Structures are given as structure tokens and as C-alpha cells.
Amino acid sequence: MIWNEAIECADRETIESIQLERLKKTVAHVYENVGPYREKMDEKGVKPEDIKTLKDITKLPFITKEDLANNYPTGLFAKDMGDIVRIHASSGTTGKPKIAGYTRSDLDMWGECVARCLAMAGATKDSVVQVAYGYGLFTGGLGAHIGAETMGATVIPMSSGNTQKQLMFMQDLKSTHLCCTPSYALTIAEAAEKAGLKPDEITLQGGVFGAEPWTEGMRNEIEKRLGIHAHDIYGLSEIMGPGVSTSCSENAGMHIMEDYFLPEIIDPDTLEPLPDGEKGELVITTIGKEGMPLVRYRTRDICYLTHEKCACGRTLARMSRVFGRTDDMLIIRGVNVFPSQVETVISRFEDTLTMNYKLYVGREDNKDTFELAVELADGLAIDDIKFVENLRSRVDHELRSILGIGCKIRFLNAGTLPRSEGKAVRVEDSRKL
Amino acid sequence: MLIKQMSVFVENTTGRLGELTRVLADDGIDIKAATIAETVDFGILRCIVDDPEEATKVLKAKGFTASITEVIAVELSDKPGGFSHVLEILAKEQIGVEYIYSTIHSKEGTAAIVMKVADPQAAADTLQKHDVRTYKMQELLKLGE
């Protein structure tokens with residue numbers, strides 16, 4: 004089902020005219036109401052009236068996570084607190100939390116965006132949507148919630164954790180859709196298997212998973228173990244939260260809600276725009292938000308775009324899966340390593356390894372150490388060392404060919420690593436540099 | 069003639085083997101023979117227990133990678149040449165031995181040795197032809213009683 008066909012299937016000309024009108028309005032709004040924007044634009048010598056076409060967006064300065072930190076807590080708000088009805092914040096693991104403020108109209112827009120996402124996952128007003136993202140400052144729980152409510156579906160606001168209760172409600176209320184992080188979806192699948200539930204005994208039909216990078220291998224595993232279609236949802240708390248884009252049933256990239264978010268891809272080093280199909284950093288301009296609009300916000304997420312019409316009928320531009328975050332990138336012995344690359348390799352060994360893994364980075368004798376600990380699949384029969392050493396050398400070979408560096412590999416019994424209830428902690432970097 | 073041995077993957081960390089054997093103890097499982105093949109970061113525990121199906125089930129429930137492997141248990145006479153006699157019979161039939169270990173109990177004047185070979189049934193048949201005794205599971209468990 005397509006929630007808003009007039010927009011989601013509109014021709015390029017229509018979308019671009021909406022975008023241009025809203026871009027002009029947004030730029031004028033931040034220039035007038037947000038000091039730091041005005042300063043940045045004045046510094047570059049660009050005025051709101053210089054934006055005459057969509058291409059003129061490149062004249063505008065970028066805004067970064069550092070700008071958000073420097074203007075903590077509300078320095079980038081474009082509305083008075085009297086008009087702000089909701090606050091969310093990022094977890095702030097890398098410094099001060101990033102605070103975002105929403106007006107009533109911003110919340111309506113959010114509900115519309117997430118309703119479109121849920122419809123892409125097959126939900127309707129008759130669906131039962133179990134929200135197992137955390138509720139609170141984190142945008143996952145309340146974001147999925149507002150979308151399901153906008154749609155008129157039945158929402159079960161579980162929040163994350165308490166996996167046994169998740170299973171009980173899922174069975175008793177016959178949930179049709181699950182919203183949570185992909186790693187938590189796997190935790191739930193594992194608990195369902197332990198409880199003796201088969202995929203066809205689970206009433207779920209679709210899942211909308213996001214808030215952490217995941218791979219195609221992990222999607223396949225979730226789909227198989229829960230017997231559902233898994234959809235990828237993308238968003239950032241500072242931009243809005245989940246609902247910026249979602250993958251449809253074609254699983255061919257995530258449709259961006261282009262009437263609210265204007266996407267660009269840039270080379271993170273030269274800052275030059277990159278064409279469709281080329282991997283680079285995603286830059287987003289919010290063109291529908293009032294409370295805290297962000298113009299040319301550098302997301303740090305690496306992906307590529309396509310503007311081709313999708314087989315599902317939607318014309319909205321699509322972004323690829325996020326390959327990694329420039330912030331998640333590890334530099335090990337001088338080589339760039341993304342945890343998602345390691346995950347891709349693990350998923351090739353689905354008969355022997357699980358998606359429960361952790362990377363340990365350390366430093367010994369002035370050299371970086373790099374270790375992968377990964378849990379073995381259920382039901383393996385291991386009687387000899389050769390089996391394990393053979394597996395190790397095959398994994399090592401694949402990792403080297405993808406990463407370009409070697410990695411110590413340690414196998415673990417199932418259940419040894421802590422289970423995720425939200426964003427999985429995949430990396431422990433104990434280097435003190 | 070074949071013996072069901074349990075094989076378990078164990079991380080090489082202090083206390084891990086203790087956790088494993090505690091799971092067995094709490095389930096009332098008795099260990100009759102055991103050996104570990106070890107590497108730097110993991111080991112494989114191979115053992116003969118009085119109820120291998122139950123032991124495997126309870127360990128799996130605790131996340132251990134446990135499985136059953138078929139082996140043979142051979143009675144040797146406890147004197148010089150007892151062991152080589154058996155190995156020579158197997159070698160003559162081109163039956164290679166992957167690993168061996170001994171049980172805790174044995175009959176007076178004999179030793180009971182657990183052997184992993186590629187084709188345990190063929191090995192048992194060959195030994196029987198040469199009047200070498202291989203234990204049935206129940207017989208092996210009764211040793212020492």
C-alpha cells in the first residue's frame with residue numbers, strides 16, 4: 004500500500020517544485036531566526052534570495068555535529084520554546100547529547116513520514132504494531148509510535164527490553180508488525196526459538212528496523228528466523244528520527260521523503276557533490292521542519308543515491324543501505340575498517356557463525372591489535388581441532404580480502420556475548436591515543 | 069559395539085571448564101572418561117558420560133556447542149605389547165586412529181581405551197575377528213562397579 008500516492012509517486016517536476024518552494028522558505032526562516040546560520044551565511048556572502056534553483060543549495064554552508072555541540076542546548080532552534088512541544092536527544096555517547104525541538108507541525112510531519120514507512124512494510128490501519136524501540140529521549144520509540152498512530156493502526160508501546168513479555172504480547176495480541184533495532188529483532192527471534200515457536204507460529208508479517216547499521220546478511224537471517232519481510236528505516240535524531248527513508252517490498256534502497264528532506268551526497272574530503280551511484284557522505288536539508296531546521300547537515304553516514312523510478316511505483320529518490328558512519332570507522336594499522344564490512348563476511352558463514360559478534364581493538368608494543376569474537380551457530384558438531392582451524396582460516400581469508408588487514412579470530416559458544424536490547428555494542432576500542 | 073562420546077567446544081578461559089562440568093553435575097550426569105584437545109584460545113572436551121543424549125541436551129540449552137560422536141572402546145591386556153597388538157591389527161586393515169584416551173575404570177588386568185577412527189563399525193568388526201573385545205555402551209558404563 005502507498006500511504007500518500009500524490010507525493011510518493013509524483014513526477015520529478017512536481018517534487019522539485021515543492022522542494023524549491025520549501026527550500027527557499029526554510030533558508031529564509033533560519034537566516035531570520037537562527038544566529039549561527041546567519042553568521043555562517045554572511046561569512047560565505049550568501050543571502051536567502053540567492054537561492055533561485057535547487058542547484059543553488061551548494062552555495063549554502065554546511066552544518067555539522069560540532070555546530071550542534073557548540074550551540075548546545077537550543078542554539079539552533081528556530082522557534083521560541085513556547086512553540087516547541089517536544090524535545091528529543093541523541094544518546095550523547097561521543098560528547099554532549101544533541102538536542103532537537105519539535106513544533107506541533109513538526110510532529111504531524113513526523114507522523115506522516117513514518118506512516119508512509121509502515122505502509123511500505125505492508126501495515127494498514129488494521130495492523131497491530133509492536134514498538135520495541137526504546138521510549139524516551141531516543142527518537143526510535145516515539146517516532147515509530149507517532150507513525151503507527153497517524154496510520155490508525157493499533158500500537159503496542161512495549162519499549163525495548165523484557166524480551167519474554169515482548170513474546171507474550173506478540174502472541175496474545177497477534178502483532179503484525181515489529182519496530183526495533185535489527186540486533187534486538189535477532190534477540191527476539193532467539194527467544195522465540197528457545198520458547199519453541201516456529202516462524203509460522205509467529206503472527207508477524209513485517210518489521211521496520213533501524214537506528215544502527217546492518218547488512219543484507221542480517222536482514223536474511225531476521226526474515227528467515229521470524230518469517231517476515233524486514234524493512235530498513237533510516238533517520239537521525241537531530242534531523243527528525245526514524246522516517247527519513249525506508250525500503251519498500253522491492254528491497255532496492257530506501258525511499259527518501261523528498262518533500263521534507265532534500266538529500267545530497269558529497270565527497271567527505273573535498274566536500275564536492277557526487278553523482279547518483281557514487282558512495283559518499285549523505286547531507287540532508289530539512290525543508291518541512293520549523294522547530295530546528297537543519298540546512299546541509301552532514302550526517303557522517305556513507306551511502307549513495309538513485310533517482311530512478313522504483314518497481315514499486317514510487318518515484319521518491321532512494322538511498323542505499325548505510326555502509327557505515329564516518330564516526331564508526333576504525334583506523335587500524337592505518338587502514339579504514341567499518342564494522343559493517345566484518346558483518347558482511349560473517350554473514351557468508353551462516354551455517355557455522357551467528358550475527359552475534361564483537362570487535363576488540365587495542366594497542367600492544369605500539370602496534371594496533373584487532374580481534375573478532377564471534378559466536379558459533381546452533382547445532383554444530385565439533386569433534387576436532389581441524390574443523391575449527393579450517394573455519395578460522397576461511398574467515399581470515401575473507402576478512403583479509405575485504406579489509407586488507409588481518410584480524411585475530413576467536414570463536415565462542417552461543418550466548419557468551421551480551422544480547423542487545425537496543426543499539427548493539429559492536430566495538431570495544433581500548434586504545435588510548 | 070559403538071560408543072556414544074560427547075564432544076563439546078570450550079573457550080579457553082579460566083573457569084569455563086568448571087562451568088561446563090557444573091552443568092553436568094547439576095543434572096546428575098556422571099563422567100566416565102574425559103580428555104581435552106587444546107589450542108591457544110579454545111579446546112574440545114571429549115568425554116564418555118552415563119547419559120550422552122541428556123548431557124548434550126542440557127549443555128546445548130546452556131549455549132554450549134555439544135554433539136555426539138561415535139567411537140569405539142577397546143579392551144587391552146595390561147602388559148607390554150597389549151596396545152601395539154590392537155594398533156597393528158587396525159593398521160593392517162588401513163584403519164587410521166585419530167585420537168585415543170583411557171577410561172577411569174577398567175577390568176582387573178586390562179585397560180579400556182577409547183579410540184576415534186574414521187569408520188568405527190569397520191574397526192569394531194575387524195577387532196572382533198581378531199578376538200579383541202570392544203565394549204558395548206552399557207558394558208563400558210558398568211566398569212568399576
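Residue numbers (our numbering), protein chains in the order written: chain A, 4 to 436; chain B, 69 to 213.
Think of the CB as a built atom: it goes at the ideal place given N, C-alpha and C, for glycine as much as any other residue.
All of these numbers come straight from a predicted model, not from anything done at the bench.
For chain B, is any of its Cβ atoms less than 8 Å away from the one on residue i?
i, result
"Ala192(A)", "no"
"Asp386(A)", "yes"
"Asn416(A)", "yes"
"Arg413(A)", "yes"
"Leu362(A)", "no"
"Thr309(A)", "no"
"Thr419(A)", "yes"
"Leu383(A)", "yes"
"Val391(A)", "yes"
Cα-Cα, which of the options is closest to residue i?
i, options, result
"Thr184(A)", "Leu308(A), Ser163(A), Met4(A)", "Ser163(A)"
"Arg228(A)", "Tyr187(A), Arg395(A), Glu115(A), Thr249(A)", "Tyr187(A)"
"Gly294(A)", "Thr355(A), Leu23(A), Gly78(A), Gly48(A)", "Gly78(A)"
"Ala255(A)", "Gly246(A), Glu219(A), Asp270(A)", "Glu219(A)"
"Asp371(A)", "Gly210(A), Leu362(A), Glu378(A)", "Leu362(A)"
"Pro296(A)", "Glu378(A), Glu241(A), Ile305(A), Arg413(A)", "Glu241(A)"
"Met84(A)", "Thr357(A), Thr106(A), His232(A), Leu63(A)", "Thr106(A)"
"Leu211(B)", "Pro188(B), Ala179(B), Ala191(B)", "Ala179(B)"
"Val428(A)", "Tyr360(A), Gln344(A), Lys62(A)", "Tyr360(A)"
"Thr81(B)", "Met69(B), Thr107(B), Ala192(B), Ile99(B)", "Thr107(B)"
"Thr179(A)", "Gly291(A), Pro271(A), Ala156(A), Leu71(A)", "Ala156(A)"
"Ala320(A)", "Cys251(A), Glu152(A), Arg366(A)", "Cys251(A)"
"Gly209(A)", "Ile236(A), Glu193(A), Leu200(A)", "Ile236(A)"
"Trp6(A)", "Phe172(A), Leu277(A), Cys315(A), Ala417(A)", "Cys315(A)"
"Ala72(A)", "Lys99(A), Lys82(A), Asp59(A)", "Lys99(A)"
So with Cβ pairs under 8 Å, would you call residue i a contact of chain A?
i, result
"Ala105(B)", "yes"
"Asp95(B)", "no"
"Asp109(B)", "yes"
"Arg114(B)", "yes"
"Thr194(B)", "no"
"Thr137(B)", "yes"
May I ask you to report which of helix, strand or coil DSSP gives residue i?
i, result
"Arg422(A)", "coil"
"Met205(B)", "helix"
"Val37(A)", "coil"
"Met243(A)", "coil"
"Ala31(A)", "helix"
"Glu215(A)", "coil"
"His173(B)", "coil"
"Gly283(A)", "strand"
"Ser248(A)", "strand"
"Glu275(A)", "coil"
"Ala192(B)", "helix"
"Gly86(B)", "helix"
"Phe326(A)", "coil"
"Ala9(A)", "helix"
"Ile116(B)", "strand"
"Phe151(B)", "helix"
"Ile140(B)", "strand"
"Leu92(B)", "helix"
"Leu26(A)", "helix"
"Ile269(A)", "strand"
"Ile21(A)", "helix"
"Ser433(A)", "coil"
"His232(A)", "strand"
"Val428(A)", "coil"
"Ile473(A)", "Nothing can be reported for residue 473(A), as the shown portion of chain A is limited to 4 through 436."
"Asn297(A)", "Per the sequence presented here, residue 297(A) reads as Leu, with Asn not at that position. Looking at Leu297(A) - three-state DSSP - the assignment turns out to be coil, as it is neither helix nor strand."
"Ile134(B)", "In the sequence under discussion, the amino acid at residue 134(B) is Ala, which differs from the Ile named in the question. Strand, per DSSP."
So residue i contacts chain E; which residues on that side make the cut at Cβ distance below 7 Å?
i, result
"Leu379(A)", "Absent from the structure is chain E; the protein chains it does hold are A and B."
Which residue spans inside the region 62–145 of chain A form an unbroken alpha helix (DSSP H) run of at least 4?
Here the runs fully enclosed are 68–73, 107–123.
Count the CB pairs spanning the region 136–147 of chain A and the region 87–94 of chain A that are closer than 8 Å, and state whether there are at least three.
yes
The region 300–309 of chain A / the region 281–288 of chain A touching (three or more Cβ pairs under 8 Å):
yes
Mind the definition here: the region 97–104 of chain B touches the region 335–354 of chain A only if three or more C-beta pairs lie below 8 Å; say whether that holds.
no
Quick check: the region 144–159 of chain B against the region 401–409 of chain A, are at least 3 beta-carbon pairs closer than 8 Å?
These segments do not touch.
Would you mind listing the beta strand (DSSP E) stretches within the region 160–228 of chain A that are 3+ residues and don't spill past its ends, in chain order?
As far as the region 160–228 of chain A is concerned, its whole beta strand (DSSP E) runs of at least 3 residues are 180–183, 209–213.
Start-end ranges of the alpha helix (DSSP H) lying completely within the region 332–361 of chain A, minimum 4 residues:
Runs found: 342–350.
Take every Cβ of the region 366–386 of chain A, pair it with every Cβ of the region 87–95 of chain B, and state whether three or more of those distances are shorter than 8 Å.
Result no; under three Cβ-Cβ pairs closer than 8 Å.
Does the contact criterion of 3 or more C-beta pairs under 8 Å hold for the region 254–269 of chain A versus the region 125–135 of chain A?
A contact is defined here as three or more CB-CB pairs under 8 Å, and the region 254–269 of chain A fails this definition with respect to the region 125–135 of chain A.
Going residue by residue through the region 368–402 of chain A, where are the continuous beta strand (DSSP E) segments of at least 3 residues, counting only ones entirely within it?
Whole beta strand (DSSP E) segments, 3+ residues: 370–379.
Do the region 69–85 of chain B and the region 111–118 of chain B make contact, defined as three or more Cβ pairs closer than 8 Å?
yes
Counting Cβ pairs, one atom from each stretch, are 3 or more of them under 8 Å apart for the region 178–196 of chain B and the region 131–146 of chain B?
yes
Three CB pairs or more closer than 8 Å across the region 39–47 of chain A and the region 62–69 of chain A
yes
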